[in-house]
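Below is one structure; the comments refer to it alone.
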Amino acid sequence: MASKKETKKNSYGADSIQVLEGLDPVRKRPGMYIGTTGLEGLHHLIWEIFDNSRDEAMGGFADDIEVVLLPGNRVRVVDNGRGIPVDIHPKTKVSTLETIMTTLHAGGKFGGDGYKFSGGLHGVGISVMNALSRRVRAEVHRDGAYHVQEYKEGGKPLAKVKKLGKSDKHGTIITFEADPLIFPEIEYNFKTIVDHLRQQAYLVRGMRITIIDARGYEGEIKDTEVFYLRDLPSIKQESIIAKVPSQTFYFDGGLKSLVAFENRHQKPLHKRVFHIEKEHKATSESGQQDVQVEVALQYVDDISSRIVAYANNIYNPEGGMHITGFKTALTRTINNFVKKANMKGIDGNFTGDDVLEGLTVVVSVKLQEIQFEGQTKSKLGSVEARAAVDTVFSEAFAEFLEENPADAKAIINKSMLAMRARKAAKAAKDSVLRKGALDGMTLPGKLADCQSKSASESELFIVEGDSAGGTAKTGRDRKTQAILPLRGKILNVERARLDRMLTSEQIKNVVVALGTAIGDTFDISKLRYHKIIIATDADVDGEHIQTLMLTLFYRYFRELIDGGFLYIAQPPLYKIKKGKKVEYIYTETEKAEYEKVNGPSEGGANIQRYKGLGEMNAEELWETTMDPEHRILKQVTVEDGREADKVFDMLMGTDVSGRKTFIQNHAKEATLDI
Ligand code: 1YM
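Okay, so the sequence shown: first residue is 360 according to this note's numbering, each after it adds one.
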C-alpha cells in the first residue's frame, strides 16, 4: 500500500471552489439530498461519509476502512487515506476541513484534481451528513499532526480546527450522531450496512472494510478510539472486537469474487471466471470521455440470468448503456467465435436470449462525467459507456474463448441448448396456441363433468391422483361439481418450461376442460366453471402440484386469478371421533387448541390423521372438502403481479431449496372463503 501511495502525487490544491452555500437548504429539504428522512435516508448518512473513504481508496491513497456503530446512536467511519486537508483555504479563510464540512460545495471537484474516476461530487456528501447531525467530530491525521474539529446542531463548528498533538500517521475519522429533529427514528440495521458495504468491497479491489456493531458494548469507548484499522494510532480494542458482532470484507479478486459470490448456490458450467479491467480511451475529436470498464462473468446450470450493473460504484438495477453495450458485444463475440471455429452443426446464429441463459455477469463502469436516467440513478444514461463496454469486453472475451477451449465449449453448449429449447418451445407453443387448436378437442375422457351447463354454478375440482379422483366422483354433487383427476406427479416442475408443459396430455386436459382456449384465442366468456378448485394432498408432492398449477394459471390464465375463479381446497388434517360426535381439524394450531381444551385422547376420543385425500371415503371427502356448506376454500389472488412473477421464475430455476421454501410458505396463502 505504502508504495502505491508514494507513486501518486498529493494532488490537493485549495483554489477551485465553484459554488459555496451554507447548510440551511439541507436542513430545510433533507429529502432533496438523502431521499427520505426514514431509515433509508438515515443509512444514507453512512454511505455519504463512506463514499469519501472509498473514493480515497479508489484513488490509491487508502486501503482500509472501518465503520463502527457506537452506543448512543453514534456512527464512526475511519480510513487510512491522506486525511482531509486542514490548511487555511484561500477563498474561505477557514480550514479546508471546515469548508467542506460547513458548505454545500456543489460543482464536483473541490480541493485538488480529485481522482480520475471518483464517485462523482467529491466530498459533497460529508456536508450533508454534518447538516443532518446533532453532533459531529472530525479527526485528521495529516502533515505530521493530529487535528480535531467538532460541530453541533446541524453543522455549527464549536471551534476552529485544533492541533492536538504530533502524528506520523495519516487518515480521517468522522464520528456523527444523526439529528433526531430530522430523523423520527434512529435505528441502524447492521445487516443493511453489511450488505451495502460488501458490494462496495467487491467494487474496489484490495480495499478492506470492517464493520463493527459496538452498540451493545457496555464498557467505555473513548472519542478517539479506532477499533481495528491498521496504520492509525488505534487503541487496539481487540477485547471489544471479540465481544461484539463484526464483519470484515476484502476481495482481492474484485468483480471476479463478486461473480463467485453470486454463483455460490449454483453449479458453474466452466471453471474459469472471465475477467477484464481496462480503461477505454475516447477518441480525441469526438470530445468524449475516457471510461474505465470492468466485467466479470461465469455461466451456470440455470435458465435465468443474473446481470448486475454499476456506474461509478452506484448500483443500477435497471441497467443502462453499459448493459446494452455488453449484451450486443456478448452475442456478437460468441457468434463470431462459433463461425470462426467452424463447429460442426452449430451455425452461430444465437440470439441475445440464447447467450444470456445461465449467465452471471457484473459490469462496472467509471466515468468522469456521469449521467443517469431519472432521479433514482437506477439506469445509466451516459452513451459513451455503451461503446466502451462493447470494445473492451468483446476484445477480451474473444481472446478468452480462444485461449480457454474447455470453457468456450461449455459456454457454446449452453447457448446451443438454450437455442434448441427456444426453438422447440416456440414450435410447441405455436401448435398449442394455433387458432382453434383446442377448439375441436372433445372433453377429456378423464373428466367427470357436471350436469349443469351454467358456468356460474359449476365447479371444477382438479384432484391429485386417480384414487382420490374416484372417491371425489362418488362423493360429489353431480349437478354442479365436475372432477378432473391428475395422475400422481404429472410433470417434473423443476426446469420444465411452461411452453413444453402445454404439450403434456394432463395439462392439455385441464386447458380443454376450462373451455377458454389459451393465448391469442383465450376467451374468458367461454369459461365452463366459475370455481376451479385445486385439491391436493397436504404433502410435498401435493404442494408441488399446487405450484405447477399456480404457475400455469399465473402465466396463461391470469384473468382467472384476477377474476377470483381459482381456489385451493383445504382438506382436514385430523378427524376426531368421540362417541358419536365427529369433528374435523384443519390446522395444527386448531389441533393444539383442541388438545389444550380437551386433553389428549381424553374420554376415549379417537384422533385420526389424514395423510392424503385418498384416505377419506366418499362421504368424508364430501363433508370436509367438497360440500359448499362446510368446506374451506382458499381463494388464490395475485397481490403483486411483479413479485409473483419473480417467485415463479425462481421456482422454475435450479435453486431447489428456494423453491421448496416458496412452496411451503405460499401455496396455501390467500383469503378465506368459507
Ligand atoms: C471518514 C471520511 O473523508 N476521507 C478523505 C477525504 C478527502 C481526502 C482524503 C483528500 C482528498 C484530496 C486531497 C483531494 C477529501 N478531501 C476533500 C477536499 N473520510 C474522508 N480522505 N487530500 C485528501 O481530493 O485532492 C474532499 S474529500 F476537497 F478537501 F480536498
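Beta carbons: idealized from backbone N, C-alpha and C, even for Gly. These numbers come from a predicted model, not from an experiment.
- Under the 10 Å beta carbon count, N671 is surrounded by 16 or more other beta carbons and is classified as buried.
- In the same chain as F610, and ignoring 5 residues on each side of it, the C-beta atoms closer than 6 Å to its own belong to A560, Y561, S616, in chain order.
- Per the coordinates, the alpha-carbon of L992 lies some 9 Å from the alpha-carbon of M985.
- Scanning the stretch 499 to 554 for uninterrupted beta strand (DSSP E) segments of 3 residues or longer gives 504 to 511, 521 to 525, 530 to 537, listed from N- to C-terminal end.
- Membership of V654 in the beta strand (DSSP E) is indicated by the continuous run 650 to 658.
- When only Cα atoms are considered, T551 and Q606 end up about 13 Å apart.
- Apart from the 5 residues on each side of it in sequence, A964 sits with its Cβ closer than 8 Å to the Cβ of I935, K936, K937, N957 in its chain, given in chain order.
- Closest option to S863, judged by alpha-carbon separation, among K885, V667, L907, D896: L907.
- One alpha carbon belongs to G565, the other to D749, and they sit about 26 Å apart.
- With respect to G684, A641 sits apart: the two C-beta atoms are not nearer than 8 Å.
- Per the coordinates, the alpha-carbon of E732 lies some 6 Å from the alpha-carbon of L739.
- Pairing Q727 with D921, the inter-Cα distance amounts to about 48 Å.
- Taking 8 Å as the cut-off, the beta carbon of H555 is found closer than this to the beta carbon of W406.
- A heavy atom of the ligand 1YM is found nearer than 7 Å to the CB of S412.
- Taking C-beta atoms as the reference points, T839 and S817 count as a pair closer than 8 Å.
- Three or more Cβ pairs drawn from the stretch 439 to 458 and the stretch 503 to 518 lie within less than 8 Å of each other, which places the two stretches in contact.
- Assignment of S817 by DSSP, reduced to helix, strand and coil, places it in the coil class.
- Measuring C-alpha to C-alpha distances from N694 to each of D713, A746, I821 identifies D713 as the nearest.
- Leaving aside the five residues that flank N976 on each side, none in its chain has a CB nearer than 6 Å to its CB.
- In the DSSP secondary-structure assignment, H903 is not bridged to any residue.
- Between the ligand 1YM and G442, a heavy atom-to-CB distance of less than 7 Å is present.
- Beta-bridge annotation (DSSP): I866 is not paired with any residue.
- Within 10 angstroms of the beta-carbon of M488 lie 16 or more other beta-carbons, which makes it buried.
- Of the residues assessed, P930 falls on the buried side of the cut-off, its CB having 16 or more other CB atoms within 10 angstroms.
- Counting the other CB atoms within 10 Å of its CB gives T895 a total of 16 or more, which places it among the buried residues.
- Under DSSP, T710 shares a beta bridge with no residue.
- T719 places its beta carbon less than 8 Å from that of V618.
- If you look at E988, you'll find it isn't in any alpha helix (DSSP H); DSSP assigns it neither H nor E.
- With contacts defined by Cβ atoms closer than 8 Å, K955 and Y933 do not form a contacting pair.
- Close CB contacts of I532 within its chain, under the 7 Å cut and outside five residues either way in sequence, are with R435, V437, E498, V585 (chain order).
- Cβ atoms of I821 and A831 stay farther apart than 8 Å, at about 10 Å.
- Within the chosen limit of 7 Å, the ligand 1YM reaches the beta carbon of D438 through at least one heavy atom.
- Sequence-distant partners of I705 (beyond 5 residues in either direction) whose C-beta falls short of 7 Å from its own C-beta, in its chain, are V697, I771, M775.
- The stretch 393 to 400 and the stretch 510 to 521 do not touch, with fewer than 3 CB-CB distances between them shorter than 8 Å.
- Counting the other Cβ atoms within 10 Å of the Cβ of M680 gives 16 or more, which makes it buried.
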